[in-house]
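Residue numbers (the numbering used here): 43 to 284.
Here it is, written out as structure tokens:
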């Protein structure tokens, strides 16, 4: 009798290993959109990637995501984020299913999260005083040049002329215009979105000549492999139509 009881206990333990939920631990949802709503965290960049129009969000990212929602047969709800950190916080908190914000494939963001296929490739930008018409780091040999934290590590290693300057990391580029004006840094290397924002403050922004290209992707929460696959399929269709 004791031998039989031991055999039953062993079978139960095996079942707990093989069957999700048998051990009492919640597993990640297979598809976050299974509730009929795809919730997307998005940044209104007021550009071709995403911009809020009279009828809602328009641009490359909404075009892809609206198509994804249509193919999944679900509704789409957008939750606007003020910046990238807020966007990632929304994703980690589970309040959004997908993060969209002209996001580069950045090591900091990909750690612990799923990443979609690339749907666009953008260059790295150089921001300088308005009167300085240059597009390379060679002009600033021996000087301090800021570099945005949103510039991927791999891209930093490929910056032409970076060995001739001292790179100063900027977690937040909002003070870069003031630092350039004060001579703290001679210029700033950053993403296109950051560059265009600084151009509104009277600086000059131009794509870095011969600079690296950065993949633009969406981010998803861990465990959402099914949704990731659906999104990648839609991205493939989008790129085929370009």
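In this text, a Cβ means the ideal position worked out from N, Cα and C, and glycines have one as well.
Per DSSP, the unbroken alpha helix (DSSP H) holding residue 276 starts and ends at 267-282.
A buried status is given to residue 228, since no fewer than 16 other beta-carbon atoms sit within 10 Å of its beta-carbon. Residue 133 places its beta carbon less than 8 Å from that of residue 141.
Taking a C-beta distance under 8 Å as the contact criterion, residue 155 and residue 87 do not qualify as a contact pair. The C-alpha of residue 244 lies about 30 Å from the C-alpha of residue 150.
By the CB criterion at 8 Å, residue 231 and residue 189 fall inside the cutoff.
Nearest neighbour of residue 246 by Cα position, chosen from 213, 224, 177, turns out to be 177. DSSP links residue 186 through a beta bridge to 208. If only uninterrupted beta strand (DSSP E) runs of at least 3 residues are considered, those enclosed by the segment 101-166 are 117-122, 140-146, 162-165. Residue 236 sits buried, since 16 or more C-beta atoms from the chains shown fall within 10 Å of its C-beta. Minimum Cα-Cα distance from residue 180 among the listed residues 166, 124, 161, 201 corresponds to 201.
Between residue 192 and residue 233, the CB-CB gap stays under 8 Å. For residue 93, the enclosing beta strand (DSSP E) starts and ends at 93-95. The beta carbon of residue 92 lies closer than 8 Å to those of 84, 85, 86, 99, 100, 101, 102, 103, 104, 142, 143, 144 in the same chain, with the five residues before and after it left out.
Pairing residue 211 with residue 115, the inter-Cα distance amounts to about 44 Å. For the 8 Å CB-CB criterion, residue 169 and residue 218 form a contact. Taking residue 197 as the centre and dropping the five residues before and after it, the same chain places the C-beta of 166, 254, 256 closer than 7 Å to its C-beta, in chain order. Residue 236 sits in a helix when the DSSP states are folded into three classes. Per the coordinates, the alpha-carbon of residue 209 lies some 21 Å from the alpha-carbon of residue 172.
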